[in-house]
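See below for the structure under consideration.
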Amino acid sequence: MLLLSYAVNHGIILYQMDVKIAFHNGVISEEVFVKQPPGFEDLKYLDHVYKLKKSLYGLKQAPRAWYDRLSNFLIKNDFKRGQVNTTLFKRTLEKDILVLQIYVDDMIFGSTNASLCKEFSKLMQDEFEMSMMGELKFFLGIQVNQSKDKVSVHQTKYFNELLKKFKFENCKVMNTPMHPTCTLSKEDTGSKVDQKLYRGMIGSLLYLTASRPDILFSVFLCARFQSDPRESHLTAVKRIFRYLKGTINLGLLHRKSFDYKLVGFCDADYAGDRIERKSTSGNC
Amino acid sequence: MSPAEAEYISAASCCTQLLWMKHQLEDYQINVNSIPIYCDSTAVICLSKNPILRSRAKHIEIKHHFIKDYVQKGILDIQFIDTEHQWADIFTKPLTVERFDFIKKNLNMHFVSD
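So the sequences go chain by chain: A and B. Using the numbering used here, the first residue of the first sequence is number 1, and each one after it goes up by one. Using the numbering used here, the first residue of the second sequence is number 1001, and each one after it goes up by one.
Written as structure tokens, this is what we have:
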């Protein structure tokens, strides 16, 4: 999210790409042996095992091996790793800057200079087997719309799938996710509901909060009753779905501004619940 | 536990979040200082600006008092905001439609057209 707001403020267009079978690229430093896989048995030496030269999927050290390989390669090519965010790499060339954010095998990158982007994607393609996916549009279930001076983030596709999954396609629409005087409590005597379904709904909604801060409170409140969900709690969750259905394509919007700043708001509800809020937008 | 303590703790944990984001922004070569935290409790503002630990506030756990250091260093700047413009409301209680829509707009939430 920070990367997005940074990019829009500096007029950077972000691209994404993906490494094919990323984990096979990793080099392992430990000695790991595997059983002879079916179809590859050596009839002469049936009691022998194979020693791995490269990492495999399902290996404990595979993610780390991949990260080491990638970061070493990037650092060799004049990239600098972020001080706190170790998945962020950047390369500065005089006035231009190239930022790269990695998420396992997916990468988002952008630069103030278009030729740097091209150079970088060529560099990566020479080293790894890549698939270039072009401009950043869809990443980890989050849709991104980029334009010149603004960027918006929404999860319409993801939510439409949820509606189908939980069969809410025909429900009526609500205009808030929770009734203003709604109080849920743990000591509810209502009938029990299917815990698996309840947890599934909460889990799905939790991911949706990435682009929907408006349902944050209601989802988290309902999430507290996951260990013993009752009828009243399920009704509350259903209401969140009904609210969302009316506002399917609501998303977060970042606008370009000259006054880039970080602002915090904090508030507490003296009923034992405290939640605070931070905002990183450069508007006003 | 008093309302002021609740607000104070929430301000402290807001502070931790802001510091994390501040550090992340430093990776992008953006330096932010005197980050405003808007708080609707004057008690908290006084408490955080006063470096002396008073007996009335001694029941608050020490770990929450680190916010004072950052206020003194000038990294954070706690300011008062009236309840009307306290947008964090949306994260603490269920709201009415008007208020809900008003805050939503201020949180930069807009309808996205495909």
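All residues carry an ideal CB built from backbone N, CA and C; glycine is no exception. Given the structure is predicted, the values throughout are model-derived calculations rather than measurements.
- Against chain B, a Cβ distance below 8 Å from Leu163(A) picks out nothing, because the smallest value is about 16 Å.
- Taken in chain order, the complete beta strand (DSSP E) segments of 3 residues or longer contained in the segment 133-212 of chain A are 142-146 and 150-154.
- Residues of chain A with a Cβ closer than 7 Å to the Cβ of Ile1075(B) do not exist, since the nearest Cβ in that chain sits about 11 Å away.
- The count of Cβ pairs closer than 8 Å, one atom from the segment 1010-1022 of chain B and one from the segment 1062-1082 of chain B, reaches three, so the stretches are in contact.
- If you ignore the 5 residues before and after Glu129(A), its C-beta comes within less than 6 Å of the C-beta of Lys20, all in its own chain and listed in chain order.
- Of the candidates His1059(B), Leu1025(B) and Asp1040(B), Leu1025(B) places its Cα closest to the Cα of Asn1033(B).
- DSSP links Gly110(A) through a beta bridge to Leu14(A) and Val99(A).
- For Asp1069(B), the closest Cβ of chain A is not nearer than 8 Å.
- The DSSP assignment places 1076-1080 as complete runs of the beta strand (DSSP E) inside the segment 1052-1093 of chain B, in order along the chain (cut-off: 3 residues).
- Counting other Cβ atoms within 10 Å of its Cβ, Thr1092(B) reaches 16 or more and is therefore classed as buried.
- Using a C-beta cut-off of 8 Å, the segment 213-221 of chain A makes contact with the segment 1094-1112 of chain B, since at least three inter-stretch Cβ pairs fall below that distance.
- In the DSSP assignment, Pro1036(B) is bridged to Asp1077(B).
- When the beta-carbon positions are compared, Gly82(A) and Asp1027(B) come within less than 8 Å of each other.
- Listed as beta-bridge partners of Lys80(A) by DSSP are Lys90(A).
- The residue from Lys1022(B), Ser1041(B), Gln1029(B) and Pro1036(B) with its alpha-carbon nearest to that of Ala1006(B) is Ser1041(B).
- Contact annotation: the segment 241-252 of chain A touches the segment 165-181 of chain A, with at least three C-beta pairs closer than 8 Å.
- Of all residues in the segment 240-253 of chain A, those with a C-beta nearer than 7 Å to a C-beta of chain B are Asn249, Leu250, Gly251, Leu252 and Leu253, reading in chain order.
- With contacts defined by Cβ atoms closer than 8 Å, Lys196(A) and Arg230(A) do not form a contacting pair.
- Close CB contacts of Glu1061(B) within its chain, under the 6 Å cut and outside five residues either way in sequence, are absent.
- In this structure Ile1009(B) is not in contact with Ile1035(B), their Cβ atoms being roughly 18 Å apart against a cut-off of 8 Å.
- Judged by their CB atoms, Tyr103(A) and Leu136(A) are not nearer to each other than the 8 Å cut-off.
- Using a CB distance below 9 Å, the part of the segment 1022-1044 of chain B facing chain A consists of Lys1022, His1023, Gln1024, Leu1025, Glu1026, Asp1027, Tyr1028, Gln1029, Ile1030, Val1032, Ile1035, Pro1036, Ile1037, Tyr1038, Cys1039, Asp1040, Ser1041 and Val1044, ordered along the chain.
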